[in-house]
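Engineer:
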Amino acid sequence: MNKDGKIYVAGHLGLAGSALVRSLERHGFSNFVFRSIDELNLQNAADTDAFFAAESPDYVILAAAKVGGIQANNTYPADFIRDNLQIQTNVIDAAWRNGVKRLLFLGSSCIYPRDCPQPIREEYLLTGPLEPTNRAYALAKIAGIEMCWSYNRQYGTRYLAAMPTNMYGPGDNYNLETSHVLPALIRKVYEARCAGRSEVVVWGSGKPLREFMYSDDFADACVYLMTLDDRSYGTLLSEDHPPLINVGYGSDVTIRELAETVCRVLGFEGKLIFDASKPDGTPRKLMDSSRLRALGWRPKVDLETGIRLAFEAAKPILDRNLPAA
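Counted the way numbering that gives the first Met the number 0 counts, the sequence shown spans residues 0 to 324.
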């Protein structure tokens, strides 16, 4: 990416988007264009086209999406597939129509089959059934990858799709109805500590394995990819396979181990109760990020450090929302 090029980060106020802006600024980029959801509805094709025509961004990072945890995905599947298909279709098509040089589409590890071999390689895409609880969201993200690939093949665009593992950090969602597992655990444990309760209930058996990446690490990986020289970037784009690259931390923990780590970081000494009547989701999702590592990138923030940083960033919000005594 040219340092003077105009960069549009779609979804710049979210977990991934805000981390991307921080990383881009650290790397010397400053020519940004932003629009909040109140200023631009990316689900509206005409509004999206008008924005791209007026602003003519050189580079696009598509972090805007409807996201949520297992409960939200399972409860509102129509919302998840509709909203995400509309957003990504409008942005990818407008990017092509307006000559965007590089576009990075952010997906999710849930695009891969529920029971595929571990660690998960990019070529495992579409080799088996998806996890039922988030199938609608996963199919939308798979469609986004296919759009990038199709536009590259038909129109010669240079669009890449990055698949992050479970991400957490500043700007995360701590609403227990819609959040992912790690922010939900941070909020539950903090509220239990503040209220002097002796136990915390955790959804599921605690046995599934999950990989977690601090959001600023993920953002740095994305900027690393977008700033690759043309030859290295081109190796990720091929007519023979989707323009897809995994972005993971490299190791995973059980949900029980995750909950115990949150308790340790937050200083909660009570008991963990695992509610096995709640769904576990996919048994394991460890990403194979060897393609990214072969390009020279490595994560820096370990899980315990990342949880501490995430909690420190979230504490003012959590304090404002503590239940009344």
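We put the beta carbon where it would ideally sit given N, CA and C, even for glycine.
1. Kindly identify the DSSP beta-bridge partner or partners of serine 237.
2. On a CA-only basis, which of Arg283, Asp92, Leu14 and Ala194 is nearest alanine 313? Give me that one, please.
3. When you compare each of Lys277, Gly269 and Asp287 to cysteine 193 by their alpha carbons, which one comes out closest?
4. Just to confirm the assignment: which complete alpha helix (DSSP H) runs, minimum length 4, are found wholly within the region 166-207?
5. Does DSSP put lysine 314 in a helix, in a strand, or in coil?
6. Taking just the CA atoms, how far does alanine 160 sit from glycine 233?
7. Counting only the same chain and skipping the five closest in sequence on each side, list residues whose C-beta sits under 7 Å from that of alanine 52.
8. Between lysine 277 and the rest of its own chain, which residues show a CB-CB distance below 6 Å, the 5 nearest in sequence each way excluded?
9. So the alpha helix (DSSP H) methionine 212 belongs to, where does it begin and stop?
10. Tell me whether the beta-carbon of leucine 302 lies closer than 8 Å to the beta-carbon of threonine 260.
11. State the start and end residues of the unbroken beta strand (DSSP E) segment that holds valine 59.
12. Look at the Cβ atom of alanine 191, then the Cβ atom of valine 199, and state whether they are nearer than 8 Å.
13. Do leucine 105 and proline 163 have their beta-carbon atoms positioned less than 8 Å apart in this structure?
14. Roughly how far, in whole angstroms, is the beta-carbon of aspartate 251 from the beta-carbon of leucine 285, given that I think they are within contact range, below 8 Å?
15. Closer than 7 Å by C-beta to serine 355: which residues in its own chain qualify, once you throw out the five before and the five after it? Chain order, please.
16. Can you give the Cα-Cα distance for glycine 10 and leucine 41, rounded to whole angstroms?
17. Please report the Cβ distance between glycine 195 and arginine 255, rounded to the nearest whole angstrom; I am assuming they are in contact, meaning their Cβ atoms lie under 8 Å.
18. In chain order, what residues of the same chain lie with their CB nearer than 6 Å to the CB of asparagine 133, ignoring the 5 residues before and after it?
19. Pairs of beta-carbons, one from the region 136-150 and one from the region 235-248, closer than 8 Å: are there three or more?
Structural biologist: In short, the structure shows the following:
1. His240
2. Leu14
3. Gly269
4. 180-194
5. helix
6. 13 Å
7. Asn97
8. Trp202 and Gly203
9. Counting along the chain, methionine 212 falls outside any alpha helix (DSSP H), though it belongs to the beta strand (DSSP E) covering 211-213.
10. yes
11. 58-61
12. yes
13. yes
14. 5 Å
15. Residue 355 is absent from the model: the chain starts at 0 and stops at 324.
16. 10 Å
17. Not confirmed; about 23 Å, so no contact.
18. Asn72 and Cys109
19. yes
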